Amino acid sequence: MSEMTGNEDNRRFATKLLHFAGAIDETSGASSTPIIQASTFHHHDIHNPPEFDYSRSGNPTREALEQYIALLEGGHRGFAFASGMAAISTAFMLLSAGDHVIVTEDVYGGTYRLLTTILSRMNIETTFVDMTDIEQVKAALKPNTKAVFMETPSNPTLKITDIAEVTAWAKGNGLLTMLDNTFMTPYHQRPIELGVDVVLHSATKFLGGHSDVLAGLAVAADEDTGRRLKQLQNGLGTVLAPQESWLLMRGMKTLQARMEHSERSARKLADWLSRHPEVERVYYPGLPDHPGRAIHERQSSGYGAVVSFDVGSGERAKRLLNKVKLPLVAVSLGAVESILSYPAMMSHAAMPKEVRLERGITDGLVRYSVGLEDIEDLMEDLEQALRG
């Protein structure tokens with residue numbers, strides 16, 4: 003079972019990160035969750051099947067991780083997948099042909115691609131709306147609407163959705179609510195406490211934290227949604243392998259320490275960039291003029307470690323990307339090392355240019371995921387690149 007057990011949910015977050023159901027091996031007392039590298043399991047008594055019989059359906063190492071994320075998010079049941087998109091794709095399989103879903107307009111490019119090129123062929127319809135405006139969300143409701151998918155802060159312009167407001171409206175209309183919590187992690191934001199039915203993560207990012215594991219996680223708020231997600235996980239088979247499950251758990255143990263350091267640096271970076279003459283606009287929920295800051299502060303305990311900023315043109319952005327020396331210039335985010343990304347060619351390359359521009363994802367926009375380096379070094383490096 004991938005459900006919370008005991009009294010772990012009463013402890014504070016930093017303690018939960020280190021003391022969870024699978025943290026210590028009950029058999030040997032080992033201080034690390036065992037990696038059960040097995041595809042199948044022996045039936046000692048054919049009349050009494052074992053808890054695990056085949057690793058697609060359940061594996062002890064993955065089980066420990068699934069309990070872990072359910073504990074951290076305050077949900078009923080957790081699920082681990084081979085990637086963030088595997089988790090998101092599986093959650094969308096809760097819908098059926100003919101259904102309609104309302105989605106944050108500046109959603110992650112991979113989610114946009116799934117909805118517009120794959121699920122559209124399955125006759126699942128999507129309306130993208132500016133979810134910072136509840137009236138636009140309400141106006142998108144159709145007779146066949148079955149779900150609302152949120153991403154807050156959104157990727158990469160960090161728009162803020164009022165989670166409680168949207169979920170209250172959705173529940174009043176009998177809709178399923180899903181939320182991508184990758185940027186905030188359960189350390190800063192716990193959507194289930196605000197009424198969300200399914201929380202999703204690209205665990206490749208802040209949860210794993212070390213640029214060495216590809217993984218996705220989902221948490222169901224209630225038993226029925228958990229049962230349905232389990233059927234889908236088992237049926238689709240897009241599960242996380244034992245080695246990756248162990249790596250992810252190891253990374254998650256330092257989540258709070260990493261997030262606290264990176265967020266402190268991100269605040270300094272955002273403030274510095276907002277005063278820089280070579281920067282046209284900065285997106286960061288911690289800035290005083292960020293739209294939705296008050297809403298974000300109500301529903302989140304921090305501002306996160308991602309800062310996006312616009313240098314005015316694609317030519318200037320590419321020159322910046324070629325001149326920086328410290329951050330990785332790469333796809334992804336949320337690692338111990340800083341990562342500078344170019345959404346137009348990376349995370350949102352699947353989104354047509356005209357659609358990108360409508361959502362504020364310009365050719366001059368870059369996204370900086372602040373790592374654990376000294377922030378003064380990071381700013382000095384950006385200074386030489388921007389001035390260049």
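3 is the number of the first residue of the sequence shown in the working numbering; add one for each residue after it.
Built from N, CA and C at the ideal position, the CB exists for glycine as well.
Quick caveat, the model's predicted, so the values are computed rather than measured.
Phe94: member of the alpha helix (DSSP H) spanning 86-94, first to last residue.
A contact is defined here as three or more CB-CB pairs under 8 Å, and the segment 54-70 fails this definition with respect to the segment 182-193. Taken through DSSP and simplified to helix, strand or coil, Gly80 comes out as strand. Taken through DSSP and simplified to helix, strand or coil, Arg58 comes out as coil.
In this structure, Leu271 lies away from Tyr114, with their beta-carbon atoms at least 8 Å apart. Per the coordinates, the alpha-carbon of Ser340 lies some 20 Å from the alpha-carbon of Asn183. Counting the other CB atoms within 10 Å of its CB gives Ile104 a total of 16 or more, which places it among the buried residues. Taking every protein chain shown into account, the CB of Gln235 has 16 or more other CB atoms within 10 angstroms, so this residue is buried.
Exclusion of the five residues before and after Trp171 leaves Ile136, Val139, Lys140 as the residues of its chain whose Cβ lies within less than 8 Å of its Cβ. Non-local C-beta neighbours of Thr92 in its own chain, meaning closer than 8 Å and more than five positions away in sequence, comprise Phe81, Phe83, Ala220, Leu231, Leu234, Gln235, Leu238, Thr240, ordered along the chain. For Met381, no beta strand (DSSP E) segment is defined; the enclosing uninterrupted segment is the alpha helix (DSSP H) at 377-389.
By the neighbour-count criterion, in which 16 or more other beta carbons inside 10 Å mark a residue as buried, Gln39 falls on the exposed side. Runs of alpha helix (DSSP H) with 4 or more residues, each lying fully within the segment 15-64, are found at 15-20, listed in chain order. Here DSSP, grouped into helix, strand and coil, assigns Ser302 to coil. Ala149 is bridged by DSSP to Val103, Leu178. If you ignore the 5 residues before and after Gly304, its C-beta comes within less than 6 Å of the C-beta of His190, Glu265, all in its own chain and listed in chain order. Residue range 127-131 is occupied by the beta strand (DSSP E) that includes Glu127.
Counted as a single uninterrupted DSSP element, the stretch harbouring His263 is not any beta strand (DSSP E) but the alpha helix (DSSP H) occupying residues 257-276. The C-beta of Arg269 has 16 or more other C-beta atoms within 10 Å across all chains shown, which makes the residue buried.
Rounded to the nearest whole angstrom, the CA to CA distance from Leu275 to Asn12 is 40 Å. In this structure, the alpha-carbon of Ala351 lies about 22 Å from that of Ile162. Rounded to whole angstroms, His292 and Tyr286 show a C-alpha spacing of 6 Å. Residue burial annotation: Ser204 is buried, with at least 16 other C-beta atoms found within 10 angstroms of its C-beta. Its chain contains Thr63, Pro244, Gln245, Trp248 as the residues whose beta carbon lies nearer than 7 Å to that of Ile37, once the 5 sequence neighbours on both sides are disregarded; these appear in chain order. With contacts defined as CB atoms closer than 8 Å, Asp108 and Ile363 qualify as a contacting pair. Straight through space, the alpha carbons of Asp226 and Leu96 are spaced by roughly 12 Å. Between Gly390 and the set Tyr344, Leu323, Ser334, the nearest pair of CA atoms involves Leu323. The beta carbon of Pro155 sits closer than 8 Å to the beta carbons of Lys161, Ile162, Phe185, Met186, Pro287, His298, Gly306, Val308 from its chain, once the five residues preceding and following it are set aside; these are given in chain order. One thing to note: Val326 has its Cβ within 8 Å of the Cβ of Leu384. For Ile194, the three-state secondary structure derived from DSSP is helix. Leu289 sits away from Val338, with the two beta carbons spaced by 8 Å or more.
By the Cβ-count criterion, Glu378 is exposed, with fewer than 16 other Cβ atoms from all chains shown falling within 10 Å of its own Cβ. In the DSSP annotation of this structure, the continuous segment of the alpha helix (DSSP H) that includes Val139 starts and ends at 136-141. In this structure, the straight-line span from the alpha carbon of Arg79 to that of Pro193 is close to 14 Å.
The secondary-structure analysis by DSSP pairs Ser156 with nothing; it has no beta-bridge partner.
Per DSSP, reduced to three states, the secondary structure at Gly294 is coil, with no helix or strand assignment.
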